[in-house]
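Reviewing the structure listed below.
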Amino acid sequence: MIIWNPWHGCRKVSEGCDHCYMYYLDGKRGIDTSRVVRTGSFNLPLQRDRHGNYKLRSGMQLYVGLSTDFFVEEADEWRPRVWQMMRLRRDIAFRLLTKRAGRIQSCLPPDWGEGYGNVMISVTCENQRRADERLPVLLDLPARHKGFMAAPFIGAIDAGRYLGSGQIEEVICGGENYDGAHPCHYEWVKSLSEQCERHDVTFNFIETGTVFVKDNRIYRIPSKHVQSRQALKSGLSHYNGKPVFDLDTSGDTLFGATDYIPSFRKECSHCGSRMTCNGCSGCGNCS
Numbered sequence: 000m001i002i003w004n005p006w007h008g009c010r011k012v013s014e015g016c017d018h019c020y021m022y023y024l025d026g027k028r029g030i031d032t033s034r035v036v037r038t039g040s041f042n043l044p045l046q047r048d049r050h051g052n053y054k055l056r057s058g059m060q061l062y063v064g065l066s067t068d069f070f071v072e073e074a075d076e077w078r079p080r081v082w083q084m085m086r087l088r089r090d091i092a093f094r095l096l097t098k099r100a101g102r103i104q105s106c107l108p109p110d111w112g113e114g115y116g117n118v119m120i121s122v123t124c125e126n127q128r129r130a131d132e133r134l135p136v137l138l139d140l141p142a143r144h145k146g147f148m149a150a151p152f153i154g155a156i157d158a159g160r161y162l163g164s165g166q167i168e169e170v171i172c173g174g175e176n177y178d179g180a181h182p183c184h185y186e187w188v189k190s191l192s193e194q195c196e197r198h199d200v201t202f203n204f205i206e207t208g209t210v211f212v213k214d215n216r217i218y219r220i221p222s223k224h225v226q227s228r229q230a231l232k233s234g235l236s237h238y239n240g241k242p243v244f245d246l247d248t249s250g251d252t253l254f255g256a257t258d259y260i261p262s263f264r265k266e267c268s269h270c271g272s273r274m275t276c277n278g279c280s281g282c283g284n285c286s
């Protein structure tokens with residue numbers, strides 16, 4: 000998966016943060032995740048190779064800020080520059096994710112209008128409480144593309160009234176990981192999958208989480224690869240052809256941006272994230 004983290008770090012805001020994977024991974028390296036810092040890849044969308052071509056090619060999709068929250072308060076001074084890069088790279092799709100739904104409106108750029116055609120805003124909803132808190136805010140926002148992520152999925156969600164709005168194009172779902180993970184129940188995932196199917200919304204079950212419950216049996220699955228394979232084997236994911244981003248691949252401002260062809264490895268055919276993945280980054284984690 001290809002990810003852009005313009006900044007790193009976050010502060011916990013809800014129960015879905017209790018066992019945050021970044022706090023766990025950073026803790027193993029002695030990093031304070033609560034300290035938000037700008038990263039060395041801040042200008043990634045505008046970086047060029049020695050021939051003057053953009054390193055990130057036209058048609059690529061970037062997941063933005065998976066080691067942070069895009070709307071975290073400490074990043075307010077840097078965010079305007081990031082919006083500017085998204086405008087300049089209208090040939091790339093940017094997928095934003097946040098638990099801070101209440102901050103989105105005040106952080107949108109002045110020329111946002113009804114939304115940028117190359118940007119999707121998704122909110123995290125880990126249970127019914129957070130779905131009822133964040134999804135109404137999302138639906139009230141002007142945005143061309145909207146979605147939500149039920150991850151870590153730690154409580155059943157009835158999202159029918161939100162999915163029925165026709166505004167939500169995609170739902171991604173996954174269990175919690177690492178130390179102290181809450182269980183994820185098969186019945187919750189199946190119910191959410193069926194809700195999305197009724198409303199013609201793409202649904203991707205990407206991983207079971209460390210503790211998965213099915214038919215009253217508890218399965219402990221520490222391997223992320225096994226989690227992903229089991230999610231795929233469940234058959235609960237389904238694709239409706241959306242989102243389709245409005246990308247502009249013309250004009251001199253996109254000098255040197257050649258078409259992006261996603262690269263997938265043999266292992267990717269067994270991955271639960273394949274449906275919504277933007278291609279292999281070559282990180283080597285699956286080898």
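Residue 200 in numbering that gives the first Met the number 0 is what sits at position 201 of the sequence shown, and the numbering runs on without skipping anything.
Ideal placement from N, C-alpha and C gives every residue a C-beta, glycine not left out.
By the CB criterion at 9 Å, C9 and T67 fall inside the cutoff.
A distance below 7 Å between beta-carbons, with the five flanking residues on each side excluded, links F263 to the following residues of its chain, in chain order: G278, C279.
Closest by C-alpha distance to Q83, out of N117, G101, I205, is N117. S190 is not a Cβ neighbour of S227, given a cutoff of 9 Å. When the five nearest sequence neighbours on each side are left out, the beta carbons in the same chain lying within less than 8 Å of the beta carbon of K54 are those of L43, Q46, R47, D48, in order along the chain. For R219, the enclosing beta strand (DSSP E) covers residues 216-219.
Separation of E169 and V122 (C-alpha to C-alpha, rounded to the nearest whole angstrom) is 11 Å. Proximity of the segment 161-176 to the segment 194-213 meets the contact definition, three or more beta-carbon pairs being nearer than 8 Å.
According to the DSSP assignment, Q226 belongs to the alpha helix (DSSP H) that extends over 223-232. Restricted to the segment 156-215, the alpha helix (DSSP H) segments that are unbroken, complete and at least 4 residues in length are 159-162, 185-197, listed in chain order. Apart from the 5 residues on each side of it in sequence, M274 sits with its Cβ closer than 7 Å to the Cβ of N203, S236, Y238 in its chain, given in chain order. Each residue's CA atom was taken as its position, placing F93 and K241 some 14 Å apart. Around F41, the same chain offers P5 as residues with beta carbons nearer than 6 Å, after the five sequence neighbours per side are excluded. Take the alpha-carbon of V12 and the one of H181: they are about 17 Å apart.
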